[in-house]
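Q: In terms of this note's numbering, the sequence shown opens at residue 1 and continues consecutively.
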Amino acid sequence: MRLTVLGSGTAVPRAERGSPAHLVELGEGERVLLDLGPGGCRQLARLGVRPRAIRRVLISHHHPDHTLDLVHLLFAANYPGELRTEPLMVLGPPGFRAFFAALCAPYGQALRASAYELVIDELHPGARRRFEGWMLQCAPTRHTEHSLAFRLTELGPGGRARALVYSGDGGYGRELVELARGADLLLMECSFPDGQGVPGHATPAVAARIAREAGVGRMVLVHLYPPCDEVDLLAQVRAGWDGPVELARDLARYEV
Ligand SMILES: [Zn+2]
Ligand SMILES: [Zn+2]
Numbered sequence: 001m002r003l004t005v006l007g008s009g010t011a012v013p014r015a016e017r018g019s020p021a022h023l024v025e026l027g028e029g030e031r032v033l034l035d036l037g038p039g040g041c042r043q044l045a046r047l048g049v050r051p052r053a054i055r056r057v058l059i060s061h062h063h064p065d066h067t068l069d070l071v072h073l074l075f076a077a078n079y080p081g082e083l084r085t086e087p088l089m090v091l092g093p094p095g096f097r098a099f100f101a102a103l104c105a106p107y108g109q110a111l112r113a114s115a116y117e118l119v120i121d122e123l124h125p126g127a128r129r130r131f132e133g134w135m136l137q138c139a140p141t142r143h144t145e146h147s148l149a150f151r152l153t154e155l156g157p158g159g160r161a162r163a164l165v166y167s168g169d170g171g172y173g174r175e176l177v178e179l180a181r182g183a184d185l186l187l188m189e190c191s192f193p194d195g196q197g198v199p200g201h202a203t204p205a206v207a208a209r210i211a212r213e214a215g216v217g218r219m220v221l222v223h224l225y226p227p228c229d230e231v232d233l234l235a236q237v238r239a240g241w242d243g244p245v246e247l248a249r250d251l252a253r254y255e256v
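Structural data, given as structure tokens:
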């Protein structure tokens, strides 16, 4: 599978780092988005990926920086010149159906699925779903009342399973360590440098601890608030973990 970081940033508008959104391309032409913050649809356009090519969107939690471009995606689906006819599935944490209805309500008919099937569903912590050629697992994170991390597993060449884990937002949690166990790539939020952490978010020391305890193959850091770019964040991670780690850039690609 292939991961493209659409937005390596946060709630803060920045030229270099967009809000959280990530594209995962799996076999059989499956394209999945992990979160869809503001600017995510524009980043897809930069990659030449049409909105209608997205089959599923997984939402980690309900904060605006992770959800706002759902509105954009749905409105674009009704544009006559690019009318979506392919089904779209949007999955979120407990309470997502009500959240989604409230998000779309002010726009009325503009966001109603005009020519395609729209499936909105909720994922509970610990949920497993099987899709064609890959599997999704979820775990709770310590961020909001209902926030999730995701593990996507696909059988790669030679029948070896390849796993990508996305932390969503959250600080240290045993559930995330278990979800990430042995993953090939951990896409890990790292909101603030060590010494500047806030509850419900990870710092380099937390990210390093999770990577170390889970034994992941490599780690890519995202959800970087501005102070992260003013220090040597990677050195802070390496103080607690000696595996391969890098700071994501917007539109960076990783083979998993
Ligand atoms: Zn966030
Ligand atoms: Zn959040």
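The C-beta atom is built at its ideal place from N, Cα and C for all residues, glycine as well. Since the model is a prediction, treat every value here as computed from it, not as a measurement.
(1) Less than 7 Å separating the Cβ of P20 from some heavy atom of ligand 1?
(2) Restricting to runs no shorter than 4 residues, where is the alpha helix (DSSP H) found entirely within the region 115-188?
(3) Going along the chain, which residues put their C-beta within less than 5 Å of some heavy atom in ligand 2?
(4) What number of angstroms, rounded off, separates the C-alpha of E30 from the C-alpha of R52?
(5) Taking DSSP's pairing of strands, which residues face A205 in a bridge?
(6) Check T4 in the structure and name its three-state DSSP category.
(7) Just checking my contact of G37 with D65 at CB under 8 Å: how many whole Å lie between their CB atoms?
(8) Would you kindly report the start and end of the unbroken beta strand (DSSP E) that includes V71?
(9) Going by the C-beta, is A202 closer than 7 Å to any heavy atom of ligand 1?
(10) Would you call V119 buried or exposed, if buried means 16 or more other Cβ atoms sit within 10 Å of its Cβ?
A: Let me lay it out:
(1) Between ligand 1 and the CB of P20, the shortest heavy atom gap is smaller than 7 Å.
(2) Runs of the alpha helix (DSSP H) lying entirely within the region 115-188, each at least 4 residues long, are 174-179 in chain order.
(3) Proximity annotation: ligand 2 has residues H63, D169 in chain order, each selected because its CB is closer than 5 Å to a heavy atom of the ligand.
(4) For the pair E30 and R52, the Cα-to-Cα distance works out to about 12 Å.
(5) Answer by DSSP bridge pairing: none, since A205 is not bridged.
(6) The answer is strand: DSSP assigns T4 an E or B state.
(7) About 5 Å separates the two Cβ atoms, so the contact holds.
(8) Segment 69-77 is the alpha helix (DSSP H) holding V71; no beta strand (DSSP E) there.
(9) Because no heavy atom of ligand 1 lies under 7 Å away, the Cβ of A202 does not count as near it: no.
(10) With fewer than 16 other beta carbons inside 10 angstroms of its own, V119 counts as exposed.
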